[in-house]
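Below is one structure; the comments refer to it alone.
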Amino acid sequence: MTGTALLLTALVGCSKGRETMVGWAKNGSEKHVRAIATDLKTLGDVSDHSTADPTIAPRCTQVLDDVKAAKAFRDPPDKIVNTSWQETLNHVQTAASHCLRNVKTGGGLSLVEAIDAQTSFRDFLSEFERALSQS
């Protein structure tokens, strides 16, 4: 996730203009990208714990809140990046929803779901960097 911070920090010096990936990143999306990066760590962490841990449900609820906020924010202007971002958000939402459901039924979060979300996020970052280099 260090790459995420470096990528977003590098955008601070970019110029303003029409809605571009740089503009999308500088004008609000960075907080959502960072929140999702943090949420991925949370999902990884809770997949290693017993559902008896009382902090799991609130942590997974926070992940769902972050996904909802990210989905409410405007879409990335690049179609490929947008598709990758939406896929990431859907994977994170699925993992967090299953986390909450499984806490209630006594099961744990599937590590596979957390890994799928991380893979989607990594793909998103790759597409994001590609789009930035073309801006």
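All residue numbers for the sequence shown refer to the numbering used here, where the first residue is -14 and numbers rise by one. Glycine residues also receive a C-beta, built at the ideal position from the N, C-alpha and C atoms. Being a predicted model, the structure only gives us computed values, none of them experimental.
Query                                                                                                                                                            : Result
Check Ala102 in the structure and name its three-state DSSP category.                                                                                            : helix
Give me the Cβ distance between Leu122 and Thr23, rounded to the nearest whole Å; I'm assuming they're in contact under 8 Å.                                     : The first residue shown for the chain is -14 and the last is 120, placing residue 122 beyond what the model contains.
Tell me whether Glu15 counts as near the ligand HEM, meaning its Cβ is closer than 8 Å to at least one heavy atom of that ligand.                                : In the structure shown, the ligand HEM is absent, as is every other ligand, since no ligand is present at all.
If I follow the unbroken alpha helix (DSSP H) through Asn87, where does it start and stop?                                                                       : Lys64 to Thr90
Report the CB separation of Ala102 from His83 in whole angstroms; it is logged as a contact under 8 Å.                                                           : With 8 Å as the limit, Ala102 and His83 do not qualify as a contact, their Cβ atoms being about 11 Å apart.
Straight-line CA distance for Val31 to Leu96?                                                                                                                    : 9 Å
Count the other CB atoms, across all protein chains shown, that sit within 10 Å of the CB of Thr40; report buried if there are 16 or more and exposed otherwise. : exposed
May I have the straight-line CA-CA distance separating Val52 from Arg115, to the nearest angstrom?                                                               : 23 Å
Give the secondary structure of Glu4 by DSSP, where H, G and I count as helix, E and B as strand, and everything else as coil.                                   : coil
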